[in-house]
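Everything in the sequence shown is counted per our numbering, starting at 43 for the first residue and increasing by one.
Every residue gets a Cβ at the ideal spot worked out from N, C-alpha and C, and that includes glycine.
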Amino acid sequence: MEKQTVFWGDARKAFKGSQELFTGDVQLSLLFPPNKTAQYSGAHGTFQPGARTAWHIHPAGQYMIVTSGVGRTGTRDGKILEIKAGDVIWCPPDTEHWHGASPDAPMALLLITGVFEYKNVVYKEKVTDKQYLGK
Ligand code: MN
43 MEKQTVFWGD ARKAFKGSQE LFTGDVQLSL LFPPNKTAQY SGAHGTFQPG ARTAWHIHPA
103 GQYMIVTSGV GRTGTRDGKI LEIKAGDVIW CPPDTEHWHG ASPDAPMALL LITGVFEYKN
163 VVYKEKVTDK QYLGK
């Protein structure tokens, strides 16, 4: 019988999101990897005001659970949704989007990301200030 696994919080290290894939100050930590029967991974991200991801897709979709603050998420149709602590967003497979903090408040997110053919994300170009501000 398989035993339970603990991913100890004390052993976890946060890292800064790379400036090729993120704009601004983003701290990420990986909570758990996918396994044979649970084909999704977990991560936690903290975005300081103005910080956001680049445009990207998730081949098997992504749940975003806002754990604190206020942020926004945008799609290629130009729509930007304001999201705040307690909101849960489902992003369907292959939908180009970005997510980040609001211009004047930080946001923290729990990310549950599906895996398809060993991939959970494909990044595209960075989000311009114009796109981020919805102008
Ligand atoms: Mn995403």
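Item                                                                                                                                                                                                            : Value
Taking only three categories from DSSP, how would you classify Q173?                                                                                                                                            : helix
Is there contact here, the segment 102 to 116 with the segment 138 to 151, by at least three beta-carbon pairs under 8 angstroms?                                                                               : yes
Are at least three pairs of beta-carbons, each pair with one atom in the segment 51 to 58 and one in the segment 70 to 80, less than 8 angstroms apart?                                                         : yes
What is the residue span of the beta strand (DSSP E) that T47 lies within?                                                                                                                                      : First-last for T47: undefined, no H or E at that position.
Whether or not the segment 126 to 135 and the segment 78 to 89 are in contact is what I'm after, with contact meaning three or more pairs of Cβ atoms, one per stretch, closer than 8 angstroms; do they touch? : no
K126 lies in the beta strand (DSSP E); which residues open and close that run?                                                                                                                                  : 122 to 126
When you compare only the Cα positions, how much space is there between D146 and F49?                                                                                                                           : 33 angstroms
Rounded to whole angstroms, what's the CA-CA distance from P75 to Q81? Just pull it up for me.                                                                                                                  : 9 angstroms
Which residues in the same chain as A96 place their Cβ atom closer than 7 angstroms to its Cβ, once the five residues preceding and following it in sequence are excluded?                                      : L63, F64, W140, Y165, K166, E167, K168, V169
Quick check on A147: does DSSP put it in helix, strand or coil?                                                                                                                                                 : strand
Rounded to a whole number of angstroms, what is the C-alpha to C-alpha distance between Q173 and P101?                                                                                                          : 23 angstroms
Apart from the five residues on each side of it in sequence, which residues of its chain come closer than 6 angstroms, Cβ to Cβ, to G59?                                                                        : V68, L70
Answer with buried or exposed for N162, where buried requires no fewer than 16 other C-beta atoms within 10 angstroms of its C-beta.                                                                            : buried
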